[in-house]
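Asks: As given, the protein sequences belong to chains A and B, one line each in that order.
Numbering (my numbering) for the first sequence: 5 to 149.
Numbering (my numbering) for the second sequence: 12 to 270.
Think of the CB as a built atom: it goes at the ideal place given N, C-alpha and C, for glycine as much as any other residue.
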Amino acid sequence: MIVFGVALLAACTLIGVYLGDLLGIALGVKANVGGVGIAMILLIAARIWLDRRGRLSKGVKFGVEFWAGMYIPIVVAMAAQQNVVAALTGGPIVIIAAVGSLVLCFGAVALLSRFGGRGHTGAEAAHAGAVIEGDADKIAPRREV
Amino acid sequence: MNSTGIWHGIEHVFIEQSLVAAFAVVGGLILVSNYAAKRLTNGRVHGSAIAIVLGLVLAYFGGLYTGGKKGVADIPALAGIGLMGGAMLRDFAIVATAFEVDVIEARRAGLLGVLALALGTILPFIVGTLTAVAFGYHDAVSITTIGAGAITYIVGPVTGAAIGADSTVMALSIATGVTKAVMVMVGTPLVAKLIGLDNPRSAMAYGGLMGTVSGVAGGLAATDPKLVPYGALTATFHTGIGCLVGPSVFFLTVRALVG
Chain A
5 MIVFGVALLA
15 ACTLIGVYLG
25 DLLGIALGVK
35 ANVGGVGIAM
45 ILLIAARIWL
55 DRRGRLSKGV
65 KFGVEFWAGM
75 YIPIVVAMAA
85 QQNVVAALTG
95 GPIVIIAAVG
105 SLVLCFGAVA
115 LLSRFGGRGH
125 TGAEAAHAGA
135 VIEGDADKIA
145 PRREV
Chain B
12 MNSTGIWHGI
22 EHVFIEQSLV
32 AAFAVVGGLI
42 LVSNYAAKRL
52 TNGRVHGSAI
62 AIVLGLVLAY
72 FGGLYTGGKK
82 GVADIPALAG
92 IGLMGGAMLR
102 DFAIVATAFE
112 VDVIEARRAG
122 LLGVLALALG
132 TILPFIVGTL
142 TAVAFGYHDA
152 VSITTIGAGA
162 ITYIVGPVTG
172 AAIGADSTVM
182 ALSIATGVTK
192 AVMVMVGTPL
202 VAKLIGLDNP
212 RSAMAYGGLM
222 GTVSGVAGGL
232 AATDPKLVPY
242 GALTATFHTG
252 IGCLVGPSVF
262 FLTVRALVG
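#1: Measure the C-alpha to C-alpha separation of B:PRO240 and B:THR15 and round it to an integer number of angstroms.
#2: Could you compute how far the alpha carbon of A:GLY58 sits from the alpha carbon of A:VAL7?
#3: Which residue's Cα is closest to the Cα of B:GLY171: B:LEU205, B:GLY253 and B:ALA129?
#4: May I have the straight-line CA-CA distance separating A:PRO96 from A:ALA114, to the nearest angstrom?
#5: Is the CB of B:PHE146 under 7 Å away from at least one CB in chain A?
#6: Is there at least one Cβ from chain B nearer than 7 Å to A:ILE100's Cβ?
#7: Is B:LEU255 close to chain A? Criterion is C-beta to C-beta, closer than 7 Å.
#8: For a test of the three-state rule: what should DSSP assign to B:HIS23, helix, strand or coil?
#9: Should B:LYS81 be labelled buried (16 or more other beta-carbon atoms within 10 Å of its own) or exposed?
#10: Would B:ALA176 and B:THR156 qualify as a contact pair, given that the criterion is a beta-carbon distance under 7 Å?
#11: I'd like to know whether the C-beta of B:LYS204 is nearer than 7 Å to at least one C-beta of chain A.
#12: How many Å lie between B:LEU263 and B:GLY226 at the Cα?
#13: So B:THR223 packs on A:ALA101, CB below 8 Å; how close in whole Å?
#14: Comparing alpha-carbon positions, which option in B:HIS57, B:GLY158, B:LEU89 and B:ASN13 lies nearest B:GLU27?
#15: On the CB-based measure, 16 or more other CB atoms within 10 Å of its CB, does A:ILE48 come out buried or exposed?
#16: Rounded to the nearest angstrom, how far is the Cβ of B:ALA233 from that of B:SER59, given a contact under 8 Å?
#17: Would the stretch 129–139 of chain A and the stretch 70–82 of chain A be scored as touching if the rule is three or more Cβ pairs under 8 Å?
#18: Spatial neighbours of B:THR108 within its chain, please: C-beta separation below 8 Å, excluding the five flanking residues on both sides.
#19: Around the Cβ of A:TRP71, are there at least 16 other Cβ atoms within 10 angstroms (buried) or fewer (exposed)?
#20: Keeping to the same chain, check which residues put their C-beta closer than 7 Å to that of B:VAL64; ignore five residues upstream and five downstream.
#21: What is the DSSP secondary structure of A:ASP55, reduced to helix, strand or coil?
#22: Helix, strand or coil: which one does DSSP assign to B:PHE146?
#23: If I measure Cβ to Cβ from B:ALA47 and keep anything under 8 Å in the same chain, skipping five residues before and after, which residues do I get?
#24: Using the Cα positions of B:PHE110 and A:HIS131, report the straight-line distance between them to the nearest angstrom.
#25: Could you check the C-alpha separation between B:ARG266 and B:ASP150 for me, to the nearest Å?
#26: Nearest chain A C-beta to B:PRO236 closer than 7 Å, yes or no?
#27: Throw me the rounded Cβ distance for the B:VAL202 and A:PHE110 pair, which I believe falls under 8 Å.
#28: Taking only the alpha-carbon atoms, compute the straight-line gap between A:PHE2 and A:GLY38 and give it to the nearest angstrom.
#29: Anything in the stretch 51–62 of chain A with a Cβ closer than 9 Å to a Cβ of chain B? List those residues in chain order, please.
Have a look at this one:
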């Protein structure tokens, strides 16, 4: 059932965010520490668990992958509500600090991505790309773990 | 019914059905962007990159028009954009992308992600603090708050509030973080090839280094959708770590240095 996929995603998100809040409190931080990341790890674990028991039905997959496919539209909506006026009128100190850290961090990505070689980009990655891009026609059947 | 009557009727529907209206508006925006990507750039630029930039442009004019802080979402008829692109659905969709993660790849890049997170917190902070000093700030509280803003626009105000920064410095700190997020969204697809951002491993490094979840989310969506979950996985820890070290280790270090 599709709703089980959506509910699984919701449960993982709620548990992850809750654990992130707890981690924040434990560390004495007024913020959620890695809640979304924990939720992602839970969802990955749930996928593997269901798959091993042969219970990863088409409906469950569809319920989750629909929301993965809504990712880009949601990001576009997120972009449309940024405080761009503040960003563009912040003055030189804002621009210099932002550009400076950006250039340095892009450089560090270039440096770090040289370590350990490149990852493989097989059929599984193509599947992931199609799902997150939201292009249903390109979604190929995935090879299960 | 005259034309103002029709307009009011449409506006009423948009306000009442805010989230549904947002789906329609964003869908239209992406349709136009994909068409422009195909026809005007011959497919060289990703349709979603154009859509994100278009979203930012609309946010700019929305902000000018309403004087608010939430771009087009401050226009009543487009308030649904605020819900659709807000933190709740954004995080929900980000978690959903994890369903597509190649576990072996992610695990292999784990250490790289940790290293990236450390650098992604320290480097922007140093740049931010040096900029603050160059512009004449001499007290540890202001320097730390502006430096923390260069980490992300959440770390900035959280740190500032914790160490008691004044509101102009807080505003500057938030503006720095927002500017960085916007630049990451726009800049990533432009430099992706140059920095080797084309595989899960470099995406995890990128997520940890850039940090800002909205910047990373937008930047990777515009570059290569299949890399999204890897970047998001590390980026999501970035703000929390920044909020942890900003008011503590970083503030104490700055205070020790400037006295």
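Replies: Let me lay it out:
#1: 46 Å
#2: 18 Å
#3: B:GLY253
#4: 27 Å
#5: yes
#6: Chain B, which has a Cβ nearer than 7 Å to the Cβ of A:ILE100, makes this yes.
#7: Output row for B:LEU255: interface = yes.
#8: Three-state DSSP puts B:HIS23 in a helix.
#9: buried
#10: Yes, they are a contact pair.
#11: no
#12: 28 Å
#13: Contact flag wrong, Cβ pair sits at about 13 Å.
#14: B:LEU89
#15: buried
#16: A Cβ-Cβ separation of about 5 Å places B:ALA233 in contact with B:SER59 under the 8 Å criterion.
#17: yes
#18: VAL239, PRO240 and ALA243
#19: buried
#20: VAL197
#21: helix
#22: coil
#23: GLY58 and ILE61
#24: 11 Å
#25: 8 Å
#26: Yes - at least one Cβ of chain A is within 7 Å of the one on B:PRO236.
#27: 5 Å
#28: Residue 2 of chain A lies beyond the residue range present for chain A, which begins at 5 and ends at 149; the question has no answer from this structure.
#29: Result list: ARG51 and ILE52.
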